[in-house]
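Novice: Below is the structure I would like to discuss, written out as structure tokens.
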Amino acid sequence: MAEKKKIVIVGASYRAMHGFLNNIRDSYSNEYDVVGIHDLTIEKVEDLNECFKSNYKAYDDFEKMMEENKPDIAVIANIDCVHIDYLEKIMAAGVTTVVEKPLCIDAEQCKRVRKATELNPSVEAVTAHNLRYHPASLKIKEVLDSGRIGNILSIQFVESLDIDHGTSYFHRWNRAMKNSGGLLIHKSSHHFDLLNWFTGSYADEVFAHGKLLSYGAENCKFKVGEMAETCHECKKTKEECAHRLDLSGPRLEMHKSNLKAGLYTPDLCVYSPEIDIVDHACVGITYKNGVHANYTMCAHSSVESMKIEIEGTVARLEYEIIYSTAPDVKKSDGEVSTHQQHLRVIEFNKPIEEIEIPPVKGSHGGADLLMCKDLFGGEKSDAKATLEDGLQAVLVGIAANESIKTGKAINIAELENA
Ligand SMILES: NC(=O)c1ccc[n+]([C@@H]2O[C@H](COP(=O)([O-])OP(=O)(O)OC[C@H]3O[C@@H](n4cnc5c(N)ncnc54)[C@H](O)[C@@H]3O)[C@@H](O)[C@H]2O)c1
1002 MAEKKKIVIV GASYRAMHGF LNNIRDSYSN EYDVVGIHDL TIEKVEDLNE CFKSNYKAYD
1062 DFEKMMEENK PDIAVIANID CVHIDYLEKI MAAGVTTVVE KPLCIDAEQC KRVRKATELN
1122 PSVEAVTAHN LRYHPASLKI KEVLDSGRIG NILSIQFVES LDIDHGTSYF HRWNRAMKNS
1182 GGLLIHKSSH HFDLLNWFTG SYADEVFAHG KLLSYGAENC KFKVGEMAET CHECKKTKEE
1242 CAHRLDLSGP RLEMHKSNLK AGLYTPDLCV YSPEIDIVDH ACVGITYKNG VHANYTMCAH
1302 SSVESMKIEI EGTVARLEYE IIYSTAPDVK KSDGEVSTHQ QHLRVIEFNK PIEEIEIPPV
1362 KGSHGGADLL MCKDLFGGEK SDAKATLEDG LQAVLVGIAA NESIKTGKAI NIAELENA
């Protein structure tokens, strides 16, 4: 039997557990061993071990983990702003790298990614754009590539995050530009990557508006000083503050040691002055191949949904997914168990054609399972996102942020060369 390949995980995160460790343990334990997990503290990794009922070796010294294990693959799944620091070191060590999205968060970091790829051309490195592997995305791509709608002319894309999911970004580290680059990078890089992938092109110019309408100090209805920094320290009841969050379940288990040590917990006050990201944005994008797209992100919606309309020279393709908001259909890990979705092709003057989307079980609508099959199983697909793809998705978000700040249209090439 061939020797097992060694994987290290950088970041004892929720994502590491639900996107990678579960799939590796369930489906690839004959081929791969997770030999170490790194985080800021050993205790944070131990929290994951307790939550996941595992016994992975814990490291708070990244170099030691790499040196001791000489891994074949490293998965980077810690907070967005530090992905680049680990990517540089892992690629320099010649180790196959899987980086969570967003690949990086600003133009300076984009340059560092390019440098790392230039210095290590033979190292295999991918961006974990799992949304490409959602059965609906795969089907949309198949329909587009079949020529069924003709040449793509324009796209409308609307992403709405509900008050559970959307608000969660304002309770966590993601709410600060310095950590995540804001939702237009942290969240929308998923969607910008899809747009790039669907159009078969990269963005040329971006214009955006954005506002913080629901969270942050300016939208707080309480008096200054009435709120604590975290919900678990706050005296406001759920009746008084709709965004009060109970630190319980995996949210608590994964941060037990941090809570004890008075460190970060994911129940930060959503009205904090630290919040400097937008919760609503409209982004206009022109593509190098002439496609014109508009994208809206809303993080304070009553319902979670995604709507995509792709207008072609022969037909329109439209996709919509609406997740149920009823609390009884939400699973404890935050995944939504029921939803309605439809995919349609509508030719000019022809009846509407419904297209079936094959169901796949698992987190993110089966996307994580299919991505892991591509990354770790023998089933290779064309959906794998390169580092260049990861960069191009992030560049749209960086340009959108810059456009919001300056009120100007941002040319991607100029942004990169500045
Ligand atoms: N592809 C997807 O569907 C998807 C979904 C969720 C999250 N993500 C990505 O996964 C990553 C983890 O997200 P999460 O929500 O699971 O995070 P999390 O909050 O659960 O974990 C983040 C980890 O990073 C560690 N960390 C914090 N600061 C650090 C630093 N300076 N250096 C090293 N480590 C540090 C924390 O201790 C923590 O364990 C993010 O990049 C996020 O964008 C992807």
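Going by this note's numbering, the first residue of the sequence shown is number 1002, and it counts up by one from there. Even glycine gets a Cβ: it sits at the ideal position worked out from N, Cα and C.
#1: In three-state DSSP terms, what is A1419?
#2: How about R1016: is its Cβ closer than 6 Å to a heavy atom in ligand 1?
#3: According to DSSP, is G1458 part of a helix, a strand, or is it coil?
#4: Check whether the stretch 1246-1266 and the stretch 1123-1131 touch, using three or more Cβ-Cβ pairs below 8 Å as the test.
#5: Return the Cβ separation of G1109 and I1077 in integer angstroms, given the expectation that the two are a contact with Cβ distance under 8 Å.
#6: Report the three-state DSSP secondary structure of L1260 (helix, strand or coil).
#7: When DSSP labels each residue in this structure, what does K1006 get in the three-state scheme?
#8: Return the CA-CA distance between E1389 and D1146, expressed in angstroms with no decimal places.
#9: Find the nearest neighbour of K1351 within the set K1090, E1240, I1323, A1316, judged by alpha-carbon distance.
#10: Under 7 Å, do M1066 and G1095 count as touching if we go by C-beta distance?
#11: As a quick exercise: from Y1015, I1356, Y1029, pick the residue whose alpha carbon is nearest that of D1375.
#12: The alpha helix (DSSP H) that contains G1167, what's its start and end?
#13: Between the stretch 1270-1282 and the stretch 1130-1145, do at least 3 Cβ pairs fall closer than 8 Å?
#14: Given this structure, state the Cα-to-Cα distance separating A1013 from K1007, to the nearest angstrom.
#15: When you compare the CB positions of A1368 and L1162, do they come within less than 7 Å of one another, or not?
#16: If I measure Cβ to Cβ from V1346 and keep anything under 7 Å in the same chain, skipping five residues before and after, which residues do I get?
#17: I'd like to check one pair, N1412 with G1183: are the Cβ atoms closer than 7 Å?
#18: Excluding sequence positions up to five away, which residues of its chain have a Cβ less than 6 Å from the Cβ of A1294?
#19: Have a look at S1189, C1235, I1322 and flag the residue whose alpha-carbon is nearest the alpha-carbon of D1280.
#20: Over what stretch of residues does the alpha helix (DSSP H) that includes R1421 continue unbroken?
#21: Terminal residues of the continuous alpha helix (DSSP H) containing D1375?
#22: Ends of the beta strand (DSSP E) at F1208?
#23: Tell me the residue span of the beta strand (DSSP E) that contains F1199.
#24: Would you call N1031 buried or exposed, if buried means 16 or more other Cβ atoms sit within 10 Å of its Cβ?
#25: Report the three-state DSSP secondary structure of A1126 (helix, strand or coil).
#26: Assuming T1231 is part of the alpha helix (DSSP H), what are its boundary residues?
#27: Does DSSP put Y1087 in a helix, in a strand, or in coil?
#28: What is the DSSP secondary structure of L1388, counted as helix, strand or coil?
Specialist: This is what the structure gives:
#1: coil
#2: yes
#3: A question about residue 1458 goes unanswered here, because the residues of the chain that appear run from 1002 up to 1419.
#4: no
#5: Per the sequence presented here, residue 1109 reads as Glu, with Gly not at that position. The Cβ separation is near 18 Å, so there is no contact.
#6: helix
#7: strand
#8: 21 Å
#9: A1316
#10: no
#11: Y1029
#12: 1166-1172
#13: no
#14: 17 Å
#15: no
#16: V1144, R1149, I1150, A1316, L1318, E1354, I1356
#17: no
#18: I1156, L1196, I1286
#19: S1189
#20: For residue 1421 there is no data in the structure shown, the boundaries of the chain being 1002 and 1419.
#21: 1368-1377
#22: 1204-1212
#23: No beta strand (DSSP E) contains F1199, which is instead part of the alpha helix (DSSP H) from 1189-1200.
#24: exposed
#25: strand
#26: Looking at the DSSP string, T1231 is not in any alpha helix (DSSP H), and its letter there is neither H nor E.
#27: helix
#28: helix
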